[in-house]
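Step one of this worksheet: look at the structure below.
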Amino acid sequence: MVSSAAGDHHHVTGWRCAVCSAVVDIATDFPWRCPNATATDRHHLLQMVQADTSPASTGISTPDAHFAWAGHAAANGMSLADRMEMVSRLNSAVGAVAGTDFTPTPFARSAELSDALGFTSAGGVWVKDETGGVAGSQKARHLFPILLHLQAVEAFGRLPERPPLAIASCGNAALAAATLARAARWPIEVYVPTWMSDGFGVQLDRLGADVRRCERLRDDPPGDPAMLRFREAVEGGAIPFTVQGPENALCLDGGRTIGWEISEQLSSAGIDSVDRVFVQVGGGAFATCLGAGLSLQHPSARLHAVQTAGCAPLVRAWQRAKELDLGPDEVAHHWGQVMTVWEQPQSLADGILDDETYDWIGVFAAMAASGGSPIESPEADVITAHELAHSAGFDVSATGSAGLAGLISALRSGASSGDPIGASERVVVVMSGIER
Ligand SMILES: Cc1ncc(COP(=O)(O)O)c(C=O)c1O
Ligand SMILES: [Zn+2]
Numbered sequence: 014m015v016s017s018a019a020g021d022h023h024h025v026t027g028w029r030c031a032v033c034s035a036v037v038d039i040a041t042d043f044p045w046r047c048p049n050a051t052a053t054d055r056h057h058l059l060q061m062v063q064a065d066t067s068p069a070s071t072g073i074s075t076p077d078a079h080f081a082w083a084g085h086a087a088a089n090g091m092s093l094a095d096r097m098e099m100v101s102r103l104n105s106a107v108g109a110v111a112g113t114d115f116t117p118t119p120f121a122r123s124a125e126l127s128d129a130l131g132f133t134s135a136g137g138v139w140v141k142d143e144t145g146g147v148a149g150s151q152k153a154r155h156l157f158p159i160l161l162h163l164q165a166v167e168a169f170g171r172l173p174e175r176p177p178l179a180i181a182s183c184g185n186a187a188l189a190a191a192t193l194a195r196a197a198r199w200p201i202e203v204y205v206p207t208w209m210s211d212g213f214g215v216q217l218d219r220l221g222a223d224v225r226r227c228e229r230l231r232d233d234p235p236g237d238p239a240m241l242r243f244r245e246a247v248e249g250g251a252i253p254f255t256v257q258g259p260e261n262a263l264c265l266d267g268g269r270t271i272g273w274e275i276s277e278q279l280s281s282a283g284i285d286s287v288d289r290v291f292v293q294v295g296g297g298a299f300a301t302c303l304g305a306g307l308s309l310q311h312p313s314a315r316l317h318a319v320q321t322a323g324c325a326p327l328v329r330a331w332q333r334a335k336e337l338d339l340g341p342d343e344v345a346h347h348w349g350q351v352m353t354v355w356e357q358p359q360s361l362a363d364g365i366l367d368d369e370t371y372d373w374i375g376v377f378a379a380m381a382a383s384g385g386s387p388i389e390s391p392e393a394d395v396i397t398a399h400e401l402a403h404s405a406g407f408d409v410s411a412t413g414s415a416g417l418a419g420l421i422s423a424l425r426s427g428a429s430s431g432d433p434i435g436a437s438e439r440v441v442v443v444m445s446g447i448e449r
């Protein structure tokens with residue numbers, strides 16, 4: 014099982030905390046959290062250290078040298094052939110459970126959206142459509158490498174029993190997590206709020222998840238009770254099978270495939286550059302990964318993180334960092350000052366109501382590097398975008414069309430924004446999260 018065949022050169026060489034600079038070797042099992050993070054000091058974030066950032070050209074269903082999970086497996090002696098076998102087995106199992114496995118999702122210019130928003134034929138709106146992906150959203154991309162990592166550790170004989178997976182969510186992330194857990198036949202606990210819809214509960218039950226409805230307990234500190242119970246489960250030995258970088262840094266590994274795929278699809282279409290990308294932001298892992306993945310080949314595609322007026326902690330944090338005159342390398346050291354909890358989040362886009370943008374550091378980095386900025390979209394634009402997306406043929410939730418809402422808001426603010434969008438620009442949005 015010893016690797017190092019030609020071409021098996023690994024790009025991710027380890028992990029480093031953006032806040033305290035702690036370093037974790039790539040060969041380390043379970044690199045979920047910074048070793049200095051504690052129950053009372055959660056402001057740490059492991060980020061991948063990359064030896065080189067030459068363009069990636071493969072999808073999530075390959076054991077590509079760009080993946081952190083593959084770097085760990087190789088560093089522990091698993092051969093490329095064994096990694097390929099593991100990926101393909103798990104991917105087939107995902108296909109059997111979800112009805113689709115990990116294959117590239119569609120990416121194309123939408124004539125309807127481009128015309129409706131006044132773009133010329135030289136520019137327009139390109140849509141990455143994730144609604145037909147595994148479990149109907151991008152969430153499974155983030156989770157797949159966590160499972161591959163666990164299976165690798167199992168293969169090394171260092172995980173004799175399977176601790177349960179755990180996630181706190183009542184949306185697309187929970188569905189993706191339960192789908193992948195089912196494919197791997199791994200037990201999963203899903204912590205949900207009491208108000209979760211029954212229809213959703215039925216789907217989770219069908220996937221065999223152990224659903225735990227979480228009421229607020231008398232002695233609970235402030236915060237989401239489902240999140241509190243999730244953290245207790247993790248402290249008790251469960252695996253954080255979550256799409257929040259500070260809780261499990263490996264979720265930032267596979268999410269990058271969406272950016273790699275878009276790059277590849279752009280070049281297949283003969284398009285050499287894009288001007289902007291609008292992406293809806295809840296916890297921020299998605300925008301972090303899209304930015305990181307796309308920047309390899311399109312470093313100047315301006316990333317615009319979109320939040321709604323009813324829940325915009327990232328937009329507020331960006332303004333604060335500006336007021337404090339903090340540069341991109343300094344912000345991480347001011348976490349408590351810059352990123353604070355949003356009181357009473359509210360929007361039709363209910364999948365991005367995270368009261369704190371957990372992965373704000375990665376989103377800031379991607380916006381700063383590309384010359385982008387965050388956008389706060391009024392609720393009226395969220396509604397318009399949802400309707401427009403449906404009339405353009407996308408069966409997407411209001412959460413999943415919120416990136417388009419940001420584009421609509423940005424077009425309206427025009428010259429007053431100081432960075433008006435030209436009618437011949439090429440703009441990318443991601444429609445994710447099938448309407449349920
Ligand atoms: C459809 C959809 N798009 C985007 C997001 C945002 O992703 P993130 O929470 O990583 O910012 C979510 C989930 O939160 C989602 O369900
Ligand atoms: Zn740290």
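Counting in the working numbering, the final residue of the sequence shown is number 449, and the numbers go up one at a time with none missing.
The C-beta atom is built at its ideal place from N, Cα and C for all residues, glycine as well.
Ligand 1 heavy atom lying under 6 Å from the CB of residue i
i	result
A298	yes
V110	no
I365	yes
V294	yes
T116	no
G446	yes
W413	The sequence given here has Gly at residue 413, not Trp. Flag set: Cβ of G413 near ligand 1.
N185	yes
Classification of residue i by the beta-carbon crowding that lies within 10 angstroms, buried from 16 upward
i	result
A194	buried
M352	buried
R289	buried
N261	buried
I284	exposed
E336	exposed
T53	exposed
V36	exposed
D233	exposed
D142	buried
L230	exposed
P173	exposed
G349	exposed
Q359	exposed
V247	buried
H403	exposed
E98	exposed
S313	exposed
Span separating the alpha-carbon of residue i from that of residue j
i	j	result
A415	G446	11 Å
G27	D42	12 Å
V138	A362	21 Å
A411	F299	16 Å
L265	S426	32 Å
G340	T113	43 Å
A117	Q151	The question names Ala, yet the displayed sequence has Pro at residue 117. Using only the alpha carbons, I get a separation of about 11 Å.
T192	N104	12 Å
R449	R46	33 Å
G136	V376	25 Å
R439	A239	40 Å
N89	W199	23 Å
R29	S101	30 Å
S430	P44	41 Å
L316	G170	42 Å
V442	F291	5 Å
I201	D338	44 Å
S386	G406	28 Å
A78	L58	23 Å
L417	A382	22 Å
S182	A153	13 Å
S67	A40	22 Å
heavy atom of ligand 2 below 6 Å from residue i C-beta
i	result
N104	no
N49	yes
H57	yes
C30	yes
A35	yes
Beta-carbon spacing of residue i, residue j below 7 Å
i	j	result
V110	A189	no
V354	D367	no
H23	A87	yes
V107	V140	no
A423	G304	no
Y371	P259	yes
G84	V25	yes
P176	G250	yes
Chain D contact for residue i (CB, 7 Å cutoff)
i	result
T75	The displayed structure is made up of one protein chain only, and chain D is not part of it.
Is the stretch 224 to 231 in contact with the stretch 199 to 209, if contact means three or more CB pairs nearer than 8 Å?
A contact exists between the stretch 224 to 231 and the stretch 199 to 209.
Original post:
Do three or more CB pairs link the stretch 321 to 339 to the stretch 386 to 402 at distances below 8 Å?
Top reply: Yes, they touch.
Count the CB pairs spanning the stretch 155 to 173 and the stretch 237 to 256 that are closer than 8 Å, and state whether there are at least three.
-> Yes, the stretch 155 to 173 touches the stretch 237 to 256.
Counting pairs of Cβ atoms below 8 Å between the stretch 164 to 179 and the stretch 116 to 131, do you hit three or more?
Not touching, per the Cβ criterion.
(message) Between the stretch 430 to 443 and the stretch 127 to 136, can you find at least three pairs of beta-carbon atoms closer than 8 Å?
(response) The answer is yes - the stretch 430 to 443 touches the stretch 127 to 136, with three or more Cβ pairs under 8 Å.
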